[in-house]
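2 protein chains.
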Amino acid sequence: MRNDPPRVQPLDYPSAMEDLDRRLVGLLLADGRMSYTDLGKATGLSTSAVHQRVRRLEERGVVTGYTAQVSPDALGLPLTALISVAPFDPSAPDDVPDRLRHITEIEDCHSVAGVESYILKVRVSTPGDLEDLLARIRSAANVSTRTTVVLSTPWEGRSASAAAGEVS
Amino acid sequence: MRNDPPRVQPLDYPSAMEDLDRRLVGLLLADGRMSYTDLGKATGLSTSAVHQRVRRLEERGVVTGYTAQVSPDALGLPLTALISVAPFDPSAPDDVPDRLRHITEIEDCHSVAGVESYILKVRVSTPGDLEDLLARIRSAANVSTRTTVVLSTPWEGRSASAAAGEVS
DNA sequence: ACTGAAAATCCCTTAAG
DNA sequence: CTTAAGGGATTTTCAGT
Numbered sequence: 001m002r003n004d005p006p007r008v009q010p011l012d013y014p015s016a017m018e019d020l021d022r023r024l025v026g027l028l029l030a031d032g033r034m035s036y037t038d039l040g041k042a043t044g045l046s047t048s049a050v051h052q053r054v055r056r057l058e059e060r061g062v063v064t065g066y067t068a069q070v071s072p073d074a075l076g077l078p079l080t081a082l083i084s085v086a087p088f089d090p091s092a093p094d095d096v097p098d099r100l101r102h103i104t105e106i107e108d109c110h111s112v113a114g115v116e117s118y119i120l121k122v123r124v125s126t127p128g129d130l131e132d133l134l135a136r137i138r139s140a141a142n143v144s145t146r147t148t149v150v151l152s153t154p155w156e157g158r159s160a161s162a163a164a165g166e167v168s
Numbered sequence: 001m002r003n004d005p006p007r008v009q010p011l012d013y014p015s016a017m018e019d020l021d022r023r024l025v026g027l028l029l030a031d032g033r034m035s036y037t038d039l040g041k042a043t044g045l046s047t048s049a050v051h052q053r054v055r056r057l058e059e060r061g062v063v064t065g066y067t068a069q070v071s072p073d074a075l076g077l078p079l080t081a082l083i084s085v086a087p088f089d090p091s092a093p094d095d096v097p098d099r100l101r102h103i104t105e106i107e108d109c110h111s112v113a114g115v116e117s118y119i120l121k122v123r124v125s126t127p128g129d130l131e132d133l134l135a136r137i138r139s140a141a142n143v144s145t146r147t148t149v150v151l152s153t154p155w156e157g158r159s160a161s162a163a164a165g166e167v168s
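From first to last, the protein sequence lines stand for chains A and B.
Residues 1 to 168, numbered by UniProt numbering, are exactly what the first sequence covers, in order.
Residues 1 to 168, numbered by UniProt numbering, are exactly what the second sequence covers, in order.
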């Protein structure tokens with residue numbers, strides 16, 4: 001694989017997180033409504049200890065919130081696409097995200113290193129809606145677009161962090 | 001924008017979802033730990049009614065679960081990349097997702113229409129880890145890769161569905 | 001389908017060791 | 001971090017409309 005040069009510091013990056021914290025995060029990723037009591041049973045900790053740790057995780061910004069997982073299909077948004085955008089005028093100040101933020105069909109907005117400046121993930125109902133959306137994006141941000149249609153999604157949102165909470 | 005031909009059926013697609021359901025989904029997207037009591041207060045429904053509707057939303061597969069939102073940065077995974085993969089041998093049966101599923105760094109896996117077959121979203125700690133990951137992906141699935149590094153993410157996971165739950 | 005209330009349960013919080 | 005316990009809130013059910 002890779003020829004590891006010796007590291008100056010044998011540290012793991014910011015990730016100074018204990019094993020218990022990782023387990024808790026993993027459990028909350030799997031079920032964000034789990035009670036502190038149940039989290040305690042699953043980790044062997046007392047309810048109070050879990051409460052403390054989860055609160056700290058929230059304060060440290062490791063856990064930023066909780067949300068329902070919703071099926072776009074069931075919501076009538078069966079068409080997903082990835083859109084690369086490039087500004088028509090590269091000399092203009094780059095406020096593309098600000099100009100696009102109000103467009104709710106855009107689920108993700110990444111600034112990327114490459115020929116194009118941003119990659120968006122969008123969800124719509126029909127090809128016609130996609131056509132409309134592209135027009136809105138182009139005119140709102142003065143960009144050209146290159147669209148890749150998603151055919152299917154074997155998996156999504158699997159939070160790499162979940163590996164941290166795996167049962168060993 | 002687009003020249004709408006008259007629709008054969010003036011239906012809204014599968015989305016036969018009432019306004020109340022949309023509001024509930026929106027609220028649960030914003031706070032997945034909200035209690036039925038509070039959901040009731042927010043929608044003007046009784047606790048029981050909320051309970052019924054949320055249960056039905058879960059049964060219908062609209063709400064598929066609940067999860068904590070976790071900051072990859074805080075977890076020590078500050079480097080995100082999008083990887084397009086294309087099979088070396090296009091005649092071989094396409095079991096790329098199965099071959100990649102065990103690689104936990106891969107958060108999303110989309111099958112796409114385009115020159116390349118799949119687009120992956122991955123998270124790692126360092127460029128070195130990305131290098132390793134790419135090698136593992138290539139050898140596990142016998143594919144070539146094209147990697148786009150994410151510089152920053154103005155927003156992510158904004159669930160287009162949230163628009164449904166907006167305050168009018 | 002929603003309301004309202006009652007019952008049972010569970011949860012959070014605090015305190016003390 | 002644990003145990004213990006109080007008080008409170010929440011889930012869940014059920015009958016009624």
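Glycine included, each C-beta is placed from N, C-alpha and C at the ideal position.
Cβ of residue i within 8 Å of any chain A Cβ
i: R158 (chain B); result: yes
i: P154 (chain B); result: yes
i: S46 (chain B); result: no
i: R55 (chain B); result: no
i: V85 (chain B); result: no
i: A42 (chain B); result: no
i: V25 (chain B); result: yes
i: L39 (chain B); result: no
i: L130 (chain B); result: no
i: L79 (chain B); result: no
Beta-carbon neighbours of residue i, restricted to chain A and to distances below 7 Å
i: E107 (chain B); result: G157, R158, S159, A160
CB contact below 8 Å: residue i versus chain B
i: P68 (chain A); result: The residue asked about is misnamed: residue 68 (chain A) is Ala in this sequence, not Pro. Yes - at least one Cβ of chain B is within 8 Å of the one on A68 (chain A).
i: D95 (chain A); result: no
i: V8 (chain A); result: Only weak support exists for where V8 (chain A) lies, its pLDDT of 41 falling under 50; the value from the coordinates is given anyway. Not closer than 8 Å to any Cβ of chain B, the Cβ of V8 (chain A) fails to qualify, so no.
i: G165 (chain A); result: Residue placement at G165 (chain A) is flagged as unreliable, the pLDDT there being 42, under the threshold of 50; the coordinate-derived value follows with that caveat. Not closer than 8 Å to any Cβ of chain B, the Cβ of G165 (chain A) fails to qualify, so no.
i: S168 (chain A); result: Per-residue confidence for S168 (chain A) stands at a pLDDT of 36, beneath the threshold of 50, marking its modelled position as unreliable; no derived number is given.
i: V143 (chain A); result: no
i: L82 (chain A); result: yes
i: L20 (chain A); result: no
Spatially closest choice to residue i from the options, by CA coordinates
i: E131 (chain A); options: A:A113, A:A74, A:T145; result: A:T145
i: D95 (chain A); options: A:S46, A:S117, A:S159; result: A:S117
i: L45 (chain B); options: B:L20, B:T126, B:V143; result: B:L20
i: S91 (chain B); options: B:V143, B:S71, B:S125; result: B:V143
i: residue 198 (chain A); options: B:S125, B:G65, B:M17; result: In the structure as shown, chain A begins at 1 and stops at 168. Residue 198 (chain A) is therefore absent and cannot be evaluated.
Beta-carbon gap between residue i and residue j smaller than 8 Å
i: R33 (chain B); j: G32 (chain A); result: yes
i: I106 (chain B); j: A140 (chain B); result: no
i: D108 (chain B); j: L100 (chain B); result: no
i: V63 (chain A); j: Q52 (chain B); result: no
i: L151 (chain B); j: R123 (chain B); result: no
i: V50 (chain B); j: L28 (chain B); result: no
i: L74 (chain A); j: G61 (chain B); result: It is Ala, not Leu, that sits at residue 74 (chain A) in the sequence shown. In contact: A74 (chain A) and G61 (chain B) (Cβ atoms closer than 8 Å).
i: P72 (chain A); j: P97 (chain B); result: no
i: T67 (chain A); j: T67 (chain B); result: yes
Within chain B, partners of residue i - CB distance below 8 Å
i: S31 (chain A); result: First, the amino acid is wrong: residue 31 (chain A) is Asp here, not Ser. Going along chain B in sequence order, the residues near D31 (chain A) (Cβ under 8 Å) are G65, Y66, T67.
i: V50 (chain A); result: Correct list: empty, because the minimum Cβ distance to chain B is about 13 Å.
Where residue i meets chain A, residues with beta-carbon distance less than 8 Å
i: T148 (chain B); result: V112, A113, G114, I119
i: S91 (chain B); result: Going along chain A, no residue has its Cβ under 8 Å from S91 (chain B), so there is no contact; the nearest lies around 19 Å.
Contacts of residue i in chain B (Cβ-Cβ under 7 Å)
i: A60 (chain A); result: In the sequence as presented, Ala is not what sits at residue 60 (chain A); that position holds Arg. Simply A74.
Distance cut-off 7 Å: residue i Cβ against heavy atoms of the ligand GDP
i: A135 (chain A); result: Absence of the ligand GDP is noted for the structure shown, with no ligands found whatsoever.
request  = Please confirm if the region 79-97 of chain A is in contact with the region 136-155 of chain A, defined as three or more CB-CB distances below 8 Å between the two stretches.
outcome  = A contact exists between the region 79-97 of chain A and the region 136-155 of chain A.
query = Is there contact here, the region 84-92 of chain A with the region 46-65 of chain A, by at least three beta-carbon pairs under 8 Å?
reply = no
message = So, does the region 39-56 of chain A touch the region 34-53 of chain B, judging by three or more C-beta pairs under 8 Å?
response = no
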